[in-house]
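The opening position of the sequence shown corresponds to residue 693 in our numbering, with each subsequent residue numbered one higher.
Even glycine gets a Cβ: it sits at the ideal position worked out from N, Cα and C.
Keep in mind it's a predicted model, so treat the numbers as computed, not measured.
Accompanying notes for the structure given below.
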Amino acid sequence: MRVYVPTTMVELATAHPDGALEQSAAYAVTPALREWYVSDDLEELEYAALVRAAQSSLRLLAADPAAPRRRVVVALDVPDASVRLFDGDEYQDQASLGRVTLVGPVKLAKAAAVHADVADQEVTEDVAAAAAVIGKADAGDQDAQFTVDGAEDHELLWYATQEIAALLS
Numbered sequence: 693m694r695v696y697v698p699t700t701m702v703e704l705a706t707a708h709p710d711g712a713l714e715q716s717a718a719y720a721v722t723p724a725l726r727e728w729y730v731s732d733d734l735e736e737l738e739y740a741a742l743v744r745a746a747q748s749s750l751r752l753l754a755a756d757p758a759a760p761r762r763r764v765v766v767a768l769d770v771p772d773a774s775v776r777l778f779d780g781d782e783y784q785d786q787a788s789l790g791r792v793t794l795v796g797p798v799k800l801a802k803a804a805a806v807h808a809d810v811a812d813q814e815v816t817e818d819v820a821a822a823a824a825v826i827g828k829a830d831a832g833d834q835d836a837q838f839t840v841d842g843a844e845d846h847e848l849l850w851y852a853t854q855e856i857a858a859l860l861s
């Protein structure tokens with residue numbers, strides 16, 4: 693199963709080169725995500741899960757003001773047995789849509805790719821502004837949601853696992 697693990701540059705650096713990602717929260721194509729997105733195209737559904745993970749990365753940035761203001765998502769292929777559906781109510785909580793729980797840490801060496809914001813001033817400013825208001829957006833504040841949407845206008849770049857060291861430098 694392909695899962696998308698939200699993280700930060702700090703956590704990615706800690707896991708590189710031979711460490712593990714400790715986050716148990718990830719995003720994947722779940723039954724609730726399928727119903728919400730109403731698509732049978734697996735590529736589109738996986739992209740929706742990636743976007744959900746990028747939003748979760750904003751929440752991690754909000755919790756760590758010292759982390760560089762770049763969203764980071766690690767794409768991993770893991771055995772189905774290592775993934776559990778989220779205990780919360782995906783159908784009622786938009787922030788939990790597509791969320792799954794990973795059983796135990798996952799080795800970064802198992803990553804298929806890393807998706808991250810470019811280190812561009814405009815992008816990092818937009819991401820910083822979004823991280824500052826993501827809690828308000830989750831609570832329904834429309835102005836805050838507009839700011840979060842501004843960060844989401846920036847596509848995450850795709851990095852091969854061999855490029856992680858360069859991404860971190």
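**Asked** Within 10 angstroms of its Cβ, does Gln715 collect 16 or more other Cβ (buried), or is it exposed?
**Response** The residue labelled residue 715 in the question sits at position 23 within the sequence shown. Buried, by the Cβ-count rule.
**Prompt:** Taking the alpha carbon of Ala773 as the point to measure from, which residue in Ala740, Val695, Tyr739 and Glu844 has its own alpha carbon closest?
**Reply:** Along the sequence shown, one-based indexing puts residue 773 at 81. When only C-alpha atoms are compared, the closest one is Val695.
**Request:** Compare the beta carbon distance of Leu750 and Val840 with 9 angstroms and say whether it is the shorter of the two.
**Result:** For the purposes of this step, residue 750 is taken as the residue at position 58 of the sequence shown. For the purposes of this step, residue 840 is taken as the residue at position 148 of the sequence shown. In contact: Leu750 and Val840 (Cβ atoms closer than 9 angstroms).
**Item:** Cβ-Cβ separation, Val721 to Leu734 (assumed contact under 8 angstroms), whole Å
**Value:** Working through the sequence shown from its first residue, we reach residue 734 at position 42. Working through the sequence shown from its first residue, we reach residue 721 at position 29. At roughly 7 angstroms, the Cβ-Cβ gap stays under 8 angstroms, so Leu734 and Val721 are in contact.
**Asked** For Ala755, which option in Phe838, Ala858, Thr699 and Gln854 has the closest C-alpha, if you only look at C-alpha atoms?
**Response** Here residue 755 is taken as the residue at index 63 of the sequence shown, counted from 1. Considering only alpha carbons, the answer is Thr699.
**Asked** With 16 as the cutoff for other CB atoms within 10 Å, does Glu847 come out buried or exposed?
**Response** In the sequence shown, counting from the first residue as 1, residue 847 sits at position 155. Looking at its Cβ environment, which holds fewer than 16 other Cβ atoms inside 10 Å, Glu847 is exposed.
**Prompt:** Count the other CB atoms within 10 Å of the CB of Gly780; is the residue buried (16 or more) or exposed (fewer)?
**Reply:** For the purposes of this step, residue 780 is identified with residue 88 of the sequence shown, where counting begins at 1. Exposed, since its Cβ has fewer than 16 Cβ neighbours within 10 Å.
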